[in-house]
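A.B. asks: Here you go, one structure.
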Amino acid sequence: MSSSLGRLLSSIVDPVMDASLVDNTTRLLDVLNGLSPERLHKVLTRTDERGFTPLHLAAERNQPESLKCLLIKDANPNIRSTLTTSEVTPLHLAARHGHLACLQLLVQLGGDIMLQDRCHLTPVDYAQINGQDLCFNYLNEVIAQRQAEERTGVEDVLIRKFVCLSVCLSLIY
């Protein structure tokens, strides 16, 4: 069977997930809502010639509404590209292209801002390298906020331990 015939048969069985589909949220929702769970998973994880899933395409093309639809349908916000040598996530692409709304949505819905590509670069690095100051600042604010929350959590644990120790010592003496 020729490869073009194989692609044609594949597109009949499962809808083609190309960039034009993520550019049209209404059409995307129609396609996604009409799929069985098994076929939905196949569509969400299908990759194009660059190894990008529909979520990668939505992030790259600045389509936050399509991104939201895909994430609601359980697309993995941390999925890596498969055919490219860089193994980027949708967050890397949103940061590279300065798509702040997509970046914020991915972070809010579970995207890991510390994931590294094959060259050990994070989305923060992509934003900085590509001069995307808004994305760079946003990601650094998220990191700072999370670090502050971790410090507060550690401080709370230490305070509770100190109080318990004080109570125990007062009972002994």
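Residues in the sequence shown are numbered from 404 upward in steps of one, following our numbering.
No residue lacks a Cβ here, since even glycine has one placed at the ideal position from N, Cα and C.
1. Which first and last residues belong to the alpha helix (DSSP H) in which E463 is found?
2. Below 8 angstroms on the Cβ atoms is my contact criterion, and I expect L494 with P526 to pass it. Report the Cβ-Cβ distance as a whole number of Å.
3. Quick check on T488: buried or exposed, where buried means 16 or more other Cβ atoms within 10 Å of its Cβ?
4. Tell me the rounded alpha-carbon separation between Y541 and I575.
5. Return yes when the Cβ of P467 is within less than 8 angstroms of the Cβ of G514, no when it is not.
6. Does the beta-carbon of H523 have 16 or more other beta-carbons within 10 angstroms, so that it is buried, or is it exposed?
7. State the Cα-Cα distance for the pair Q531 and F539, rounded to the nearest angstrom.
8. Return the chain-ordered list of same chain residues with a C-beta closer than 6 angstroms to the C-beta of A478, the five sequence neighbours on each side being excluded.
C.D. replies: On the basis of the coordinates in this document:
1. P457 to E463
2. 4 angstroms
3. exposed
4. 51 angstroms
5. No. Outside cutoff.
6. By the neighbour-count rule (16 or more Cβ atoms within 10 Å), H523 is not buried but exposed.
7. 6 angstroms
8. L447 and L458
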